[in-house]
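To keep things clear, I will list the structure first and then write my remarks on it.
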Amino acid sequence: MAEDLSTVTFNLLEGITWSDGEPFTANDVVFTWQWVITPENASTSFALWDVLENVEAQDDLTVVATYKRPSVAWFEAFTSAPAGCIYPAHVFNNDPANKNDAFLVNPIGTGPYVIESFQPNAEIVYVVNENYREPNKPFFARVVVTGGGDAAAAARAVLVTGEAQFAWNMQVEPAILEEMQASGGQGTIVTEPGTSIERININFSDPNTEVEGQRSHVGTPHPILSDLKVRQALNLAVPREVISTEFYGEGQPPTANILAGVPSLESPNTSWEFNLEAAGALLDEAGWVMEGDVRVKDGRELTLSYATSINQVRQKTQAVVQQAFQQLGVRVQLQQIDAGVFFDGSAGNTQNINHFYWDIDEYANSSIGSPVPVNYTVGFYAGPEDTLSNIAQQENDWQTDNYWRYQSDEYDALYEELLAATEIEAATALLIEMNDIVINDVVVIPLVNRAGGNYAIANTLNQENIAAGPSFEPDYWNIANWNNVQ
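Our numbering puts the first residue of the sequence shown at 503, with every later residue one more than the last.
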């Protein structure tokens, strides 16, 4: 690393090959940068790689990356599974303009496994990569990952029936998990702290008006939720303590922040409360008058659509929030969408979180990936004023990060300042200030600081080698080391 953080030189390991036997070289790193910053490819990692001025291969094993401006978060483009994947240039015919959609369902890499078969939203089967760099690894000849279904069924498959050895992201009520673990005897539940935030997201655009072939258009402000007092009222009407205690349990506390789980990044300036009386007073001030059991303003009823993925905990959270909102005179229309659809980022999928074709929604997101989470905070950045290019819209296939259609000059300026921060202390102060803007503007309503490692593991699997606890990587990051208890 250059002392002034302007460049970094990567010395690649010799002898590494892609799973198809082709050598992994510096050209693959250069190609990845070129591909990601090609706007037509609509890469979700565009903002992270766009901080680079140039990426150059000095030879087959040496890469020099030069930054547009020095930054303490220089590493984000090259690290973590969400953003740091390097693409095999030869599979794209060394053409950065080759979008190569086929690669999405049949990728190759340098990891311990290769794909044998893939059925979207159903099952993916991996077999050993014979060209893997570490001798005598991995330890399993075959890994089968099943998708779809629900978290309770996944937990049951590990804890009760023994059909599976690992179940990720156990968003199941604690009482049910404890009963499964006690009665089944096939495994245990592991819960470790993390940075994931279950939250309600606010749509700042109108999901019911179509403009230029798309709803939730950045140019159509939301007719109800554009009013800060309405958003503040909704924030006061969410019973976080009930949601945390009843649906998540120990180690997953209520929170008022979007940056939580890393003590140095948690803002001391925010707080939350459940106060229906104060919430009602705010709606009164905003001109929403009770008529019967619903509030009305200028002939419009205060009715909101509220979507989330199909999941018992989320459905119960929806019910609790709906009941509290209804006490305020806010009607809530609930929508439940299969997780395989809700989280699928395809441009043609109008029921995903990218399009945000409803008023509010709920899911979890995390600053996983970095101790200086530029990749996370970019979600609230609108982009240059003339293009608003970071706001998800038809022009970018809804692949950019700002699903809320949120615009704040103050936040954008701080984000750009964060990109140029060269000291960790300065970056931390900026991150806290950015957190506070998002919270005070009620862009999201944080509910619970969820566990980082929250999984069911079979008694047959060696837990010491899982390393899925609090980290900056997804649970499977070191699957090459997973093995059975001897």
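Using N, Cα and C, we set each Cβ at its ideal position, and we do this for glycine too.
From the DSSP output, read off the bridge partner residues of residue i.
{"i": "Asn-955", "result": "Inspection of the sequence shows that residue 955 is occupied by Gly rather than by Asn. Answer is Glu-694, bridged to Gly-955."}
{"i": "Ser-707", "result": "Pro-723"}
{"i": "Gln-716", "result": "Val-713"}
{"i": "Val-987", "result": "Beta-bridge pairing links Val-987 to no other residue."}
{"i": "Ile-518", "result": "For Ile-518, which the question treats as bridged, DSSP gives no partner whatsoever."}
{"i": "Pro-525", "result": "Thr-519"}
{"i": "Arg-701", "result": "Tyr-865, Pro-948"}
{"i": "Pro-756", "result": "Val-950"}
{"i": "Asn-904", "result": "Ile-893"}
{"i": "Gly-689", "result": "Ala-960"}
{"i": "Ala-669", "result": "Ala-958"}
{"i": "Thr-648", "result": "Glu-625"}
Apply the 10 Å Cβ neighbour rule to residue i and answer buried if 16 or more other Cβ atoms are within range, or exposed otherwise.
{"i": "Gln-835", "result": "exposed"}
{"i": "Gly-649", "result": "exposed"}
{"i": "Gly-794", "result": "exposed"}
{"i": "Glu-966", "result": "exposed"}
{"i": "Ser-619", "result": "exposed"}
{"i": "Ile-699", "result": "buried"}
{"i": "Val-660", "result": "buried"}
{"i": "Pro-614", "result": "buried"}
{"i": "Met-503", "result": "exposed"}
{"i": "Leu-916", "result": "buried"}
{"i": "Glu-578", "result": "buried"}
{"i": "Val-538", "result": "buried"}
{"i": "Pro-676", "result": "buried"}
{"i": "Phe-580", "result": "buried"}
{"i": "Pro-541", "result": "exposed"}
{"i": "Gln-688", "result": "buried"}
{"i": "Asn-937", "result": "buried"}
{"i": "Leu-920", "result": "buried"}
{"i": "Asn-771", "result": "exposed"}
{"i": "Ile-926", "result": "exposed"}
{"i": "Asn-877", "result": "buried"}
{"i": "Gln-560", "result": "exposed"}
{"i": "Phe-512", "result": "exposed"}
{"i": "Gln-673", "result": "buried"}
{"i": "Asn-813", "result": "buried"}
{"i": "Asp-903", "result": "buried"}
{"i": "Ala-923", "result": "buried"}
{"i": "Val-945", "result": "buried"}
{"i": "Asp-863", "result": "buried"}
{"i": "Thr-697", "result": "buried"}
May I ask which residues mark the beginning and end of the beta strand (DSSP E) holding residue i?
{"i": "Ala-567", "result": "564-569"}
{"i": "Val-510", "result": "509-513"}
{"i": "Leu-554", "result": "554-561"}
Would you give the residue range spanned by the alpha helix (DSSP H) that residue i belongs to?
{"i": "Tyr-878", "result": "876-879"}
{"i": "Thr-534", "result": "528-538"}
{"i": "Glu-675", "result": "Run containing Glu-675: none; DSSP gives neither H nor E here."}
{"i": "Leu-661", "result": "653-661"}
{"i": "Trp-551", "result": "548-551"}
{"i": "Leu-890", "result": "That residue, Leu-890, is in no alpha helix (DSSP H); it is neither H nor E in DSSP."}
{"i": "Asn-543", "result": "That residue, Asn-543, is in no alpha helix (DSSP H); it is neither H nor E in DSSP."}
{"i": "Val-740", "result": "Val-740 -> no alpha helix (DSSP H), and no H or E assigned at all."}
Within 7 angstroms (strictly less), CB to CB, does residue i reach chain B?
{"i": "Val-629", "result": "The chain inventory of the structure shown lacks chain B, comprising one protein chain alone."}
Run through the segment 760-839 for me and flag every whole alpha helix (DSSP H) of 4 or more residues, listed as ranges in chain order.
778-787, 814-830
Scan the segment 838-872 and note each continuous alpha helix (DSSP H) run of 4 residues or more that stays entirely inside, going in chain order.
841-844
Within the segment 570-645, ranges of the beta strand (DSSP E) (whole runs, at least 3 residues):
615-621, 625-630
Contiguous beta strand (DSSP E) assignments of at least 3 residues, all confined to the segment 916-983
Runs of the beta strand (DSSP E) spanning 3 or more residues and lying entirely within the segment 916-983 occur at 946-952, 955-960, in chain order.
Please confirm if the segment 931-951 is in contact with the segment 634-643, defined as three or more CB-CB distances below 8 angstroms between the two stretches.
No: the two stretches stay apart, fewer than three of their Cβ pairs being nearer than 8 angstroms.
How about the segment 782-793 and the segment 722-738: do they share at least three Cβ pairs that are nearer than 8 angstroms?
yes
Please confirm if the segment 934-951 is in contact with the segment 756-769, defined as three or more CB-CB distances below 8 angstroms between the two stretches.
yes
Please confirm if the segment 658-672 is in contact with the segment 681-694, defined as three or more CB-CB distances below 8 angstroms between the two stretches.
yes
contact_flag[the segment 831-851, the segment 798-811] where n(CB pairs < 8 angstroms) is 3 or more
yes
Can we say the segment 584-594 touches the segment 943-953, given the rule of at least three CB pairs closer than 8 angstroms?
no
Sufficient close CB pairs (3 or more, under 8 angstroms) joining the segment 816-829 to the segment 742-758
With the cut-off at 8 angstroms, the segment 816-829 and the segment 742-758 touch.
Say whether the segment 569-576 touches the segment 551-558, bearing in mind that this needs 3 or more beta-carbon pairs closer than 8 angstroms, one atom from each stretch.
yes
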